[in-house]
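*Asks:* Supplied in structure tokens, the structure appears directly below.
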Amino acid sequence: NVKAGQVLAVKISPELGKKGIDILGNEIEAKDGFEIQIEAGKNTTISEDGINLIANTDGMVNMVGKRIDVLDVFVVEEVGLATGDIDFAGSVLVKNDVQADYNIKAEGNVIVNGNVESSSIYSDGDVTIKGACFGKEVGIINSKNDIILNFIESTKLEADGNIIVNEGIMNCNVTAGKKILLVDKKG
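Residues in the sequence shown are numbered from 31 upward in steps of one, following the numbering used here.
Printed below as a string of structure tokens:
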């Protein structure tokens with residue numbers, strides 16, 4: 031996470047090169063440094079003096095080539111050992127699964143394209159789980175808006191808005207500020 035106003039990169043002025051010596055003791059000519067241009071990316075600004083690249087918004091730093099962007103969506107393949115828990119000041123998109131015992135906290139929406147296993151997800155927006163959710167009596171899904179998912183088992187669900195389940199709810203504690211909708215006939 032970076033915050034609005036945070037310096038993301040600092041341009042360093044080029045310097046004169048220093049001659050070197052190879053392994054045979056021969057002198058090697060040096061090349062001088064050269065001027066580079068900082069390129070402003072999405073949600074970034076270059077300072078008036080052209081030295082600093084500054085974040086315009088809270089979010090995730092993403093480098094594309096030589097351009098630095100600040101994204102309001104944190105995109106990750108999978109939440110697990112490689113990522114650890116996620117705490118993000120925006121929305122989170124998980125392309126695959128959330129592994130057991132890893133948690134997500136987001137100030138925006140959370141979308142999981144795979145399954146969630148015995149994990150906790152807290153969102154100030156919507157939570158959408160396109161796979162199944164197996165809480166194993168310890169999982170919690172908490173949303174300040176709606177929760178939308180396919181199948182859920184042994185998980186605590188809390189939404190200030192609606193809870194919409196497409197296939198089934200089994201052995202869950204479910205609390206909604208508005209409606210609990212089960213679209214299929216299972217559950």
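We put the beta carbon where it would ideally sit given N, CA and C, even for glycine.
Can you tell me the Cα-Cα spacing of THR158 and GLU65, whole angstroms?
*Replies:* 47 angstroms
*Asks:* Tell me which same chain residues have a C-beta within less than 6 angstroms of the C-beta of ASP62, skipping the five on either side of it?
*Replies:* LEU46, GLY47
*Asks:* In this structure, what does DSSP give as the bridge partners for THR75?
*Replies:* Bridge partners of THR75: ILE84.
*Asks:* Alpha carbons only, please: which of GLY71, ASN203, ASN196, ASP52 is nearest the one belonging to LYS96?
*Replies:* GLY71
*Asks:* Decide if GLY114 is buried, meaning its Cβ has at least 16 other Cβ atoms within 10 Å, or exposed.
*Replies:* exposed
*Asks:* Could you pull out every residue in the same chain whose Cβ sits closer than 7 angstroms to the Cβ of VAL40, ignoring the five residues on either side in sequence?
*Replies:* ILE81, ASN82
*Asks:* Going by the CB atoms, is the gap between GLY169 and SER149 shorter than 8 angstroms?
*Replies:* yes
*Asks:* In its own chain, which residues sit with a C-beta less than 6 angstroms from the C-beta of ILE134, not counting the 5 before and 5 after it?
*Replies:* Only residues of its own chain outside the window of five on either side were considered, and among them ILE116, VAL122, VAL140, ILE151 have a CB closer than 6 angstroms to the CB of ILE134, listed in chain order.
*Asks:* Quick one, which of ASP156, GLY138, VAL106, GLY89 has its alpha-carbon nearest ILE191's?
*Replies:* Note that residue 191 corresponds to Gly in the displayed sequence, not to Ile. When the alpha-carbon of GLY191 is set against those of ASP156, GLY138, VAL106, GLY89, the nearest one is in ASP156.
*Asks:* Can you grab the Cα-Cα spacing for the pair GLY55 / ASP131, in whole Å?
*Replies:* Roughly 58 angstroms between the two C-alpha positions.
*Asks:* Quick check: what's the CA-CA separation for LEU101 versus ILE177?
*Replies:* 23 angstroms
*Asks:* Near ASN143, what residues of its chain come up, given a Cβ to Cβ distance below 6 angstroms and the 5 sequence neighbours on each side ignored?
*Replies:* Excluding sequence neighbours, ASN143 sits near LYS125, LYS160.
*Asks:* Opposite PHE164 in the DSSP bridges: which residues?
*Replies:* Beta-bridge partners of PHE164 (DSSP): GLU147, GLU183.
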